[in-house]
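Each residue of the sequence shown is one higher than the last, beginning at 1 in the UniProt record's numbering.
Below you'll find the structure, written out as C-alpha cells, and then a few comments.
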Amino acid sequence: MTFFAGATGDFQIYGGNFTNITGDLVRTIVRTKRAHSSNSPLAEKIVRLSGYGPASVAQAQYRLDLIAHWPIATGARVLELGCGQGITTLALAEAVGPNGHVDAVDPGPLDHGDTISAGPLGPRIEWVQAESLAFLEAHPATTWDAVVIAHSLWYFATPALVGDTLRALGARTKRICIAEWSLESEPGSSALTHVLAVLAQGALQCRKPHSTSNVHTVVSPAAIKALTASAGLVLLREARVMPHAGTARVVRPQFKEEVEAFVEDEREKGMMYAMRDAVEANLARMGGMQHVDTMDGWVAIFEPNLDID
C-alpha cells in the first residue's frame, strides 16, 4: 500500500484496496465519488499546459483551491519546495503573472517540466533539481515573497528534516504556505478508510532502512504546527479543503511481504496486520473502493516571528 503526496506534482492518492483474503494488495485505480463543484476553465487550461491529459483536471482544480487560501500576489517571487511534475507550479505561475517568478525545487528529474517550460508560462518558472534543505543552504542570501510546500512534506525522510528546512527559511520569506492531508474528513464521509490506509503505510515505512515508498514521514497538521512553532514561525490561519471528484487512488501489492521482511517484533507485526484489517473492514462496510472518499486537505499560512532574537 503506497500513498503519494505530491512530490511528482500530479498528486495521486494511494490508499488501500484489500480485495484478496490473504491481505495482499491488488493494484487498481478508482475515483472518489465526493460531491463537489465543477472544475474551472483555469484548471482545464493548466492541465492542457502540463500535458498530463483530462484525468488531471480534478488535481489541478484542487491545487487552485489551495492557492486561493494563500497570499500569492501578481508579480510575486515564489519558491516551491517539492514541485514534482509541476501541476502546482503551473497554478503558481498563473497566479504570479508575467512579472512574477517561481523557483520550483525537487530532487526528481528536470525533464518532468519540459512540456511546461515549452509553453506560455514556462518563462516564469526556473526548475531546480535539488533536495529542499540543500537548495536553501546553497542560496543563503536569496529571498522570496512566499514559499509554498504543497503535499510534499510526507516525502521528507524525518520530521527533524522538516524542522531543519523550516528553520533554514528563517526570515527569508514573508509567508510560508503549506498544504498536506488532514488525516480527517467531513462528518459522514467514508474517508476513514483512506486515513487508516495512510497510517498503515506510514507505520510500515518506519521499519524500512531505505524506503522507496511515496510515504516517508506522515506528519499531521498538529505535528506541522509544532514544527513550525519550533522553527520560529507563527500560524496566521488554517482551513480544510475538499478535493474534487476525480482524484485518483492507486494501490500496489506486497504489503504483507514487506511486513514479513522488515518487521521482526511479533507484536509490531500484529499491529501492522490489525491496521490492515481495519482498512479491509472499513472498505467492506462501505461496499467497495468505489464508495471510499478522499480525506480532506489541510492548508495553512505561517509567517516568521520577528520578535524572536
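For glycine and all other residues, C-beta sits at the position ideal for the given N, C-alpha and C.
How big is the Cα-Cα spacing for residue i and residue j?
i	j	result
W298	A222	11 Å
F255	G100	45 Å
F225	L161	The amino acid occupying residue 225 in the given sequence is Lys; Phe does not appear at that position. When rounded, the distance between both Cα atoms is 15 Å.
A278	L192	10 Å
A281	G232	42 Å
P123	P140	24 Å
R240	C83	21 Å
K45	V263	46 Å
W181	A168	23 Å
T142	L90	22 Å
Let me make sure I understand the geometry here. Which of the options has the alpha-carbon closest to that of residue i?
i	options	result
A134	E126, Q85, I87 and L81	L81
A60	V47, A68 and G51	V47
G170	V102, L192, V195 and W144	W144
P98	P120, I116, Q85 and G86	P120
W70	A168, F302 and D307	F302
L110	Q85, R77, E94 and L66	Q85
T74	I67, V96 and C83	V96
D164	L227, T115, A200 and G51	L227
H151	H112, A179, A43 and L183	A179
Y273	V128, Y155, L204 and A191	L204
R63	T88, L42, P41 and L153	T88
V105	V128, M275, D114 and L42	V128
G270	S56, A284, A200 and E238	A200
DSSP on residue i, reduced to helix/strand/coil?
i	result
F156	coil
V198	helix
A231	coil
Using only the heavy atoms of the ligand GTP, determine whether one of them is closer than 7 Å to the beta carbon of residue i.
i	result
E266	Judged by which ligands are present, the structure shown has none, so any question about the ligand GTP falls away.
Quick check on residue i: buried or exposed, where buried means 16 or more other Cβ atoms within 10 Å of its Cβ?
i	result
N39	buried
P54	exposed
D296	buried
T217	buried
R276	buried
G202	buried
L236	exposed
S230	exposed
Minimum length 3: unbroken beta strand (DSSP E) runs contained in the region 67-96: 77-81
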